[in-house]
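Chemist: Following this message is one structure expressed as structure tokens.
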């Protein structure tokens with residue numbers, strides 16, 4: 020049973036992954052990433068999940084979706100993938116700032 024959740028809000032630029040594909044991401048500010056890291060470890064009994072990912076509910080504008088945050092060693096933060104349907108619904112383009120809300124259910 021979920022009794023509460025951790026929610027962080029931030030604004031960050033959308034960026035296009037430089038490798039193969041057209042993946043778009045936002046990088047979380049380090050203070051938000053620190054909160055998420057702390058609580059995700061508590062949720063998992065101190066154990067790391069696959070690839071260090073954290074399951075979240077994300078919101079941009081009026082669009083909500085279930086996804087995962089992934090750790091990024093270069094920025095010492097997490098990155099949030101923004102799928103094409105969300106980018107289309109919210110008119111998001113690479114290089115533009117995006118207001119994001121991310122929630123993690125807490126036990």
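In our numbering, the protein residues as written are 20 to 126. Backbone N, C-alpha and C define an ideal beta-carbon position, used for all residues, glycine too. Since the model is a prediction, treat every value here as computed from it, not as a measurement.
1. Determine the direct distance from the alpha carbon of residue 79 to that of residue 29, and round the result to whole angstroms.
2. Could you check whether residue 33 and residue 13 sit closer than 9 angstroms to each other, using their CB atoms as the reference points?
3. With distances taken from CA atoms, which of 23, 31, 26 and 27 is nearest residue 112?
4. Specify the secondary structure class of residue 60 as computed by DSSP and reduced to three states.
5. Distance check for residue 74 and residue 21, CA to CA, integer angstroms please.
6. Assign residue 36 to buried or exposed, taking buried as 16 or more other Cβ atoms, counted over all protein chains shown, within 10 Å of its Cβ.
7. With distances taken Cα to Cα, identify the nearest neighbour of residue 70 among 114, 58, 98 and 43.
Modeler: Looking at the atomic coordinates:
1. Distance between the alpha carbons of residue 29 and residue 79: 10 angstroms.
2. As shown, the chain starts at 20 and ends at 126. That puts residue 13 outside it, with no answer to give.
3. The shortest Cα separation from residue 112 among 23, 31, 26 and 27 belongs to 31.
4. In the structure shown, residue 60 falls within a helical segment according to DSSP collapsed to helix, strand and coil.
5. At residue 21, the pLDDT of 46 sits below 50, so the modelled position is not reliable and the matter cannot be decided from this model.
6. Burial call: exposed.
7. The option with the nearest alpha carbon to residue 70 is 98.
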